[in-house]
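In the numbering used here, the protein residues as written are 534 to 790.
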Amino acid sequence: MTEKSDRGLRALLVAVVALLGVVALAAAYLVGASGEDGATTAGEPARPPAGMRMSGVGKVSAVPDQLGFGVTVTAKRSDLGDALAASNATMNRVLAALDEYGVQKADVQTTGLSMEPEYYYPSSGAPVLTGYRVTQQARVKVRDLTKGGRAISAAVTAGGNDVRVHSITLDVGDPDRYLAQARDTAVQNATAKAEQYAAAAGRTLGEVLTVREVASPAPTPQPVYARDLAGLAAGSVPIRAGRSDLTVRVQVSWAFE
534 MTEKSDRGLR ALLVAVVALL GVVALAAAYL VGASGEDGAT TAGEPARPPA GMRMSGVGKV
594 SAVPDQLGFG VTVTAKRSDL GDALAASNAT MNRVLAALDE YGVQKADVQT TGLSMEPEYY
654 YPSSGAPVLT GYRVTQQARV KVRDLTKGGR AISAAVTAGG NDVRVHSITL DVGDPDRYLA
714 QARDTAVQNA TAKAEQYAAA AGRTLGEVLT VREVASPAPT PQPVYARDLA GLAAGSVPIR
774 AGRSDLTVRV QVSWAFE
């Protein structure tokens, strides 16, 4: 190989090495730029996109339009079969009376049944069986609140001394209608706060990334206490509807523009 060709080969090698160096620098720049946009680089976790998350609360008030109450029927007889038959007869009279106020079979749920022997315990000697007590319990829903007081009175009148009414509550029949309004209010509340914080930080909210409902519980039934049953003897229990609060909480996240 001549000296002239040797010099040409060395020049070509130098040019190739320089070209490879330029390619390597360009690749390193591109990888670094993509890492700044949140892509995973070697040995580094992905960065979440810049944005904001905010909670919002929506609350609405609903007027209860339904009434619920518990019914307990008790019968004691010397024979268990007779006690059960007497308890059944009393419960059937109660349900028949409630039927006149729009209480259907689907509105009555049996919640308990017990059959227990009862004894007399003398000061000396063995216990003496005195009979059997049968107790039935049911939960009743009156879908028209305006009939609720009369329905309670009718149940007590039909059952006489063998029936007890308890656990009276006022309910909202269609809570979803009110919860829909509360959800709108909750999102508006979260958006207003997020816009305020973003403006204070010199940023602008972009697209919504996620919306998550934290809780949307049904309204808690309002109890009606014994002091409100003063009108029972007059033929109708006085019922005051009042209001129930429904609350929804959401979390909303945005990207920054």
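All C-beta atoms in this analysis are idealised placements derived from N, C-alpha and C, irrespective of residue type, glycine included. Here the structure is a predicted model, which means the values were calculated and not measured.
The alpha helix (DSSP H) runs of length 4 or more contained entirely in the region 605-670 are, from start to end of the chain, 613-632. By the criterion of at least three beta-carbon pairs nearer than 8 Å, the region 711-720 is not in contact with the region 630-641.
Under the DSSP definition of a beta bridge, Asp778 partners with Ser594. Taken in chain order, the complete beta strand (DSSP E) segments of 3 or more residues contained in the region 691-742 are 696-704. Residue pairing by DSSP places Glu746 opposite Val783 in a beta bridge. Relative to Thr737, the option among Thr690, Val698, Phe789 whose CA is nearest is Phe789.
A distance of 8 Å or more separates the beta carbons of Val604 and Val675. Between Gly591 and Ala732, the CB-CB gap reaches or exceeds 8 Å. By the 16-neighbour rule on beta-carbons within 10 angstroms, Pro650 is exposed. Here the C-alpha atom of Asp632 lies approximately 31 Å from the C-alpha atom of Leu779. Put simply, the backbone Cα of Gly664 is about 14 Å away from that of Ser647. When the five nearest sequence neighbours on each side are left out, the beta carbons in the same chain lying within less than 7 Å of the beta carbon of Ser611 are those of Gly664, in order along the chain. As a beta-bridge residue in DSSP terms, Lys674 pairs with Gly601. When only Cα atoms are considered, Val636 and Asp707 end up about 17 Å apart. In chain order, Pro597, Asp598, Gln599, Leu600, Leu703, Ile772, Ala774 place their CB closer than 8 Å to the CB of Leu678, counting only its own chain and leaving out the 5 sequence neighbours on each side. Residues Ala608, Arg610 of the same chain have their beta carbon placed closer than 7 Å to that of Ala619, with the five preceding and five following residues left out of the count.
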